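Below is one structure, written out as structure tokens; comments come after it.
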Amino acid sequence: MTTETVTKRDIRKLKLDELKEFFVQQGDKAFRAQQVYEWLWKKSAKDFEQMTNLSLATREMLKTHFTINHVLVDTMQRSNDGTIKNAIKLHDGLIVESVLIPAEKRITACVSSQVGCSLGCKFCATARMKRMRNLNPDEIYDQVAAIRQQSELYFGRPLTNIVFMGMGEPLLNYANVIAAIEKITSPQGLNMAAKRITVSTVGIAKMIIKMADDEVKFNLAVSLHSALNETRSSIMPINDSNSLEELGEALKYWYAKRKKKVTYEYVVWEGINDTMEHAQALLRFCKIIPSKVNLIEYNPIDDGEFRQASEEKLQMYLHLLESNGITARVRKSRGKDIDAACGQLANKG
Ligand code: SAH
Numbered sequence: 024m025t026t027e028t029v030t031k032r033d034i035r036k037l038k039l040d041e042l043k044e045f046f047v048q049q050g051d052k053a054f055r056a057q058q059v060y061e062w063l064w065k066k067s068a069k070d071f072e073q074m075t076n077l078s079l080a081t082r083e084m085l086k087t088h089f090t091i092n093h094v095l096v097d098t099m100q101r102s103n104d105g106t107i108k109n110a111i112k113l114h115d116g117l118i119v120e121s122v123l124i125p126a127e128k129r130i131t132a133c134v135s136s137q138v139g140c141s142l143g144c145k146f147c148a149t150a151r152m153k154r155m156r157n158l159n160p161d162e163i164y165d166q167v168a169a170i171r172q173q174s175e176l177y178f179g180r181p182l183t184n185i186v187f188m189g190m191g192e193p194l195l196n197y198a199n200v201i202a203a204i205e206k207i208t209s210p211q212g213l214n215m216a217a218k219r220i221t222v223s224t225v226g227i228a229k230m231i232i233k234m235a236d237d238e239v240k241f242n243l244a245v246s247l248h249s250a251l252n253e254t255r256s257s258i259m260p261i262n263d264s265n266s267l268e269e270l271g272e273a274l275k276y277w278y279a280k281r282k283k284k285v286t287y288e289y290v291v292w293e294g295i296n297d298t299m300e301h302a303q304a305l306l307r308f309c310k311i312i313p314s315k316v317n318l319i320e321y322n323p324i325d326d327g328e329f330r331q332a333s334e335e336k337l338q339m340y341l342h343l344l345e346s347n348g349i350t351a352r353v354r355k356s357r358g359k360d361i362d363a364a365c366g367q368l369a370n371k372g
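Every position in the sequence shown, counted from 1, becomes a number in my numbering once 23 is added.
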């Protein structure tokens, strides 16, 4: 009896060049790597058996050296507005959530970058989970690939947009998020346009500067929620070490380098930021660089500490911003009935 002592490597951890090198070492042609790579990424093959343009011998050889790791859609819930929430099981059994949001002209995948979150925003359900770990690039990529399949299957339309607005803070898992986006936008991956991708952040100034230096092509959204330090610090602890002034400077740098508008996400809460003083502070902040504002509807996650402000207050914000040339719109939540809306992702299931 023999015991197999070879530990197999996850083939999806290899770059294309490394895979080419592997084939050459095996006395095979480098272009095999291209074929395998296409199966692994473009076609999301979960098994070497699926790679039917390779000889049986090659498939067997690959099996002795490698495994293919993939995330699994553990459960899927459909909202009555069409939104689909997936609980995605990662390689180690931990779960993150990813959401498909259908609209008339677009289908958006909302993906997670971390299991849980370390930032502690008071109004966000994910914050209550604490951060457990960063997602690997392939785990981020696979969420998009899975939603892309659902988009075709359930709506007969291609996935058009991706937002990093699921669980976690993407800029605290920067390298892996960038690696995933590279694959998502690559012709060898999903071939999606970077301008269709938006990374949403609490606004970590030094990482926004890094993004500008790296000349990333995707869009930037900042969860602002208040343009007054005292209020912002009281609801978003990150603001203590990363003030609005630092954020403003980083955004100036971003705009100087990238020439791209930023989107501010902003919830108006009763008694927290629903006065003219707050609206005016937002307007001043919006003038730092070209920007637009999404006033997002609050999705209650608690027993009433935070309450959505009245329609009248939203109109006050809209009027002030728009009459000063800032594009602003109210964003209704999707998937609320299945806890799939912004800030509601917390693995309740
Ligand atoms: N960490 C990133 C991405 C995740 S959250 C970020 O902060 O941007 C995606 C958006 O949902 C953020 O704008 C966040 O502030 C917002 N959000 C969090 N909890 C919410 C809630 N209960 N209702 C509405 N929006 C919420």
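Virtual Cβ for every residue (Gly too), placed ideally from N, Cα, C.
In this text the structure is predicted, and so the values were computed from the model without any measurement.
- Task: Please state whether DSSP places Met99 in a helix, a strand or coil.
- Result: For the purposes of this step, residue 99 is identified with residue 76 of the sequence shown, where counting begins at 1. DSSP, read as helix, strand or coil, puts Met99 in strand.
- Query: Would you report the Cα separation of Ser102 and His88, rounded to the nearest angstrom?
  - Reply: Residue mapping note: residue 102 aligns to position 79 of the sequence shown, counting from 1. Residue mapping note: residue 88 aligns to position 65 of the sequence shown, counting from 1. If you take the alpha carbons of Ser102 and His88, they lie about 42 Å apart.
- Message: Counting beta carbon pairs with one atom in the stretch 52 to 65 and one in the stretch 76 to 87, are three or more of them shorter than 8 Å?
- Response: yes
- Query: Between the beta-carbon of Ile13 and the beta-carbon of Met215, is there less than 8 Å?
  - Reply: Given that the chain is displayed from residue 24 to residue 372, the structure contains no residue 13 and the question cannot be resolved.
- Message: For a test of the three-state rule: what should DSSP assign to Asp165, helix, strand or coil?
- Response: By one-based count along the sequence shown, residue 165 stands at place 142. DSSP places Asp165 in helix when its eight states are reduced to three.
- If you draw a straight line from the C-alpha of Lys31 to the C-alpha of Leu95, how long is it? By one-based count along the sequence shown, residue 31 stands at place 8. By one-based count along the sequence shown, residue 95 stands at place 72. Cα-Cα distance, rounded: 20 Å.
- Item | For Leu123, three-class secondary structure by DSSP | Reading the sequence shown from its first residue, position 100 is the one you call residue 123. Looking at Leu123 - three-state DSSP - the assignment turns out to be strand.
- Query: If you check the beta carbons only, do Ile311 and Gly348 fall under 8 Å apart?
  - Reply: The residue given as residue 311 occupies position 288 in the sequence shown. The residue given as residue 348 occupies position 325 in the sequence shown. The answer is no: Cβ separation not under 8 Å.
- Query: Rounded to a whole number of angstroms, what is the C-alpha to C-alpha distance between Ile91 and Asp33?
  - Reply: Working through the sequence shown from its first residue, we reach residue 91 at position 68. Working through the sequence shown from its first residue, we reach residue 33 at position 10. Near 6 Å, if we compare the C-alpha coordinates of Asp33 and Ile91.
- Item | For Met24, the three-state DSSP class (helix, strand or coil) | Looking up residue 24 in the sequence shown gives position 1. Annotation note: pLDDT 43 at Met24 (below 50); position unreliable, coordinate value reported separately. Residue state, collapsed to three classes: coil.
- Message: Short of 6 Å in beta carbon distance, which residues of its chain neighbour Phe308, apart from the five on each side in sequence? Order them along the chain.
- Response: Here the question's residue 308 lines up with position 285 in the sequence shown. Within the same chain, Phe308 has close Cβ partners Ala250.
- Item | Within 8 Å, strictly: CB atoms of Ile107 and Val122 | Taking the first residue of the sequence shown as 1, we reach residue 107 at position 84. Taking the first residue of the sequence shown as 1, we reach residue 122 at position 99. Taking C-beta atoms as the reference points, Ile107 and Val122 count as a pair closer than 8 Å.
- Is Ile319 closer than 8 Å to Glu288 when the C-beta atoms are compared? In the sequence shown, residue 288 corresponds to position 265, counting from 1. In the sequence shown, residue 319 corresponds to position 296, counting from 1. Yes, Cβ-Cβ distance for Glu288 and Ile319 is below 8 Å.
- Should Lys206 be labelled buried (16 or more other beta-carbon atoms within 10 Å of its own) or exposed? If you number the sequence shown from 1, residue 206 lands on position 183. Buried is the call here.
- Message: Considering just the uninterrupted stretch of the alpha helix (DSSP H) at Lys86, what are its terminal residues?
- Response: Locating residue 86 in the sequence shown gives position 63, counting from the first residue. That run of the alpha helix (DSSP H) goes 79 to 88.
- Message: Quick check on the burial criterion: 16 or more other C-beta atoms within 10 angstroms. Buried or exposed for Thr299?
- Response: On the sequence shown, residue 299 is found 276 positions in, with the first residue counted as 1. First, the residue type needs correcting, since residue 299 is Met and not Thr in the sequence shown. Exposed.
- Could you tell me if Pro193 is buried or exposed, where buried requires 16 or more neighbouring beta carbons within 10 angstroms of its beta carbon? By one-based count along the sequence shown, residue 193 stands at place 170. Classification for Pro193: buried.
- Query: Cα-Cα, which of Met99, Lys65, Val59, His93 is closest to Arg82?
  - Reply: Your numbering for residue 82 matches position 59 in the sequence shown. Shortest Cα-Cα distance from Arg82 to any of Met99, Lys65, Val59, His93 involves Val59.
- Query: Would the beta-carbon of Asn252 fall within 8 Å of that of Asn262?
  - Reply: The count along the sequence shown starts at 1 and reaches residue 252 at position 229. The count along the sequence shown starts at 1 and reaches residue 262 at position 239. Result yes, Cβ atoms of Asn252 and Asn262 sit closer than 8 Å.
- Where the beta strand (DSSP E) through Tyr278 begins and ends: Reading the sequence shown from its first residue, position 255 is the one you call residue 278. No beta strand (DSSP E) contains Tyr278, which is instead part of the alpha helix (DSSP H) from 267 to 281.
- Alpha carbon of Gly143 to alpha carbon of Thr149, nearest angstrom: Reading the sequence shown from its first residue, position 120 is the one you call residue 143. Reading the sequence shown from its first residue, position 126 is the one you call residue 149. C-alpha separation (whole angstroms): 8 Å.
- DSSP three-state call for Asn157: helix, strand or coil? Position 134 of the sequence shown, counted from the first residue, corresponds to residue 157. Three-state result, Asn157: strand.
- Query: the ligand SAH heavy atoms versus the CB of Ser256: any closer than 7 Å?
  - Reply: Taking the first residue of the sequence shown as 1, we reach residue 256 at position 233. Every heavy atom of the ligand SAH is 7 Å or more from the Cβ of Ser256, so no.
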